[in-house]
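The numbering of the sequence shown is my numbering, which starts it at 94 and goes up by one. Every residue gets a Cβ at the ideal spot worked out from N, C-alpha and C, and that includes glycine. All remarks here apply to the structure that follows.
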Amino acid sequence: MTVISKKIVTPEKPPIKNDQKIELSTPEIKKEGLKPKTDKISTDPDQKIELSETTVTYKVEGKIDPFASIFRDGSSVFADQNEKKLIPLTPIEKVDLSQLKLVGIIRAPSGNKALVEDASGKGFVIKKGARIGINSGRVIKILKDSMVVEEEAESISGKKTLVQRELKLQKPPGEE
C-alpha cells in the first residue's frame with residue numbers, strides 16, 4: 094500500500110482466473126531464546142492430595158426460588174397476594190346487575206325463584222344461591238317483591254368487602 098497526499102492507494106493486481114491456484118505466504122518470525130512451555134503432570138500414585146474440610150451452607154428460608162417459573166399453569170408466583178377472579182360460566186354472570194331487571198317472582202314451597210331479564214330482553218330463572226353479575230354476586234334471598242344479591246366490592250385501599258344490592262320488582266302503572 095502506498096500513501097500519496099492523504100489518500101490510500103492500493104497497487105492493482107491482475108484478476109484471478111478460476112483455474113489459477115493461489116499460494117499464500119506467511120512471513121516467518123524467528124525469535125531466539127524462546128522455547129515452548131510444557132507443563133508436566135505428575136502421575137505418581139503415592140502423591141497425596143489435600144482436601145479442605147470446610148463446608149458451605151445455604152439457607153433457603155425466606156428466599157424466592159430463582160429457578161421457579163413466573164408463569165405456572167395460568168397462575169403466577171404472586172397468586173397469594175392477588176386472588177384470581179372466577180371465569181364466568183353462564184351468560185347471567187357476564188352481565189352487570191344494573192343491566193338486569195326483575196320481572197317476576199315464582200313462590201313455591203320448594204323455594205322461591207326469580208325471573209330476571211337482561212337489556213336485550215333475554216329472560217333467566219334464578220334460584221337462591223345462584224351466581225349472578227360480573228362482580229361474583231350470589232343470590233342470598235328471594236322475597237315476595239324483591240331479590241337480594243351479595244357482591245364483592247373492592248375499596249380504595251384494596252380490601253374486598255361484601256355489598257348487598259337489592260333488585261325490586263317493578264309494580265304495574267296505577268299501583269302504589
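Review point. Which first and last residues belong to the beta strand (DSSP E) in which Thr254 is found?
Key: Unbroken beta strand (DSSP E) run through Thr254: Lys253 to Lys261.
**Study point:** Cβ-based burial, Val188 [other Cβ within 10 Å; buried from 16]
**Key:** Sixteen is the threshold: when 16 or more other Cβ atoms of the shown chains lie within 10 Å of the Cβ of Val188, as they do, the residue is buried.
Check your understanding: Are the C-beta atoms of Ile157 and some chain B residue less than 8 Å apart?
Key -> Looking at the structure shown, chain B is missing, and only one protein chain is on hand.
Exercise for review: Determine the extent of the beta strand (DSSP E) in which Phe160 is found, giving its start and end residues.
Suggested key: Taken as a continuous stretch (DSSP letters only), Phe160 belongs to no beta strand (DSSP E), as it is neither H nor E.
Exercise for review: Look at the alpha carbon of Thr147 and the alpha carbon of Lys141, and state the distance between them as a whole number of angstroms.
Suggested key: If I take the Cα positions, the gap works out to 18 Å.
Review point. According to the neighbour-count rule (16 or more other Cβ atoms, all chains shown, within 10 Å of its Cβ), is Ala207 buried or exposed?
Key: So Ala207 counts as buried.
Review point. If you check the beta carbons only, do Glu259 and Ser239 fall under 8 Å apart?
Key: Closer than 8 Å, so yes.
Review point. Does DSSP classify Leu193 as helix, strand or coil?
Key: Coil at Leu193, not helix or strand.
Review point. When we look at the beta-carbon of Ala223 and count the other beta-carbons within 10 Å, is it buried (16 or more) or exposed?
Key: Around the beta carbon of Ala223, 16 or more other beta carbons sit within 10 angstroms, so the residue counts as buried.
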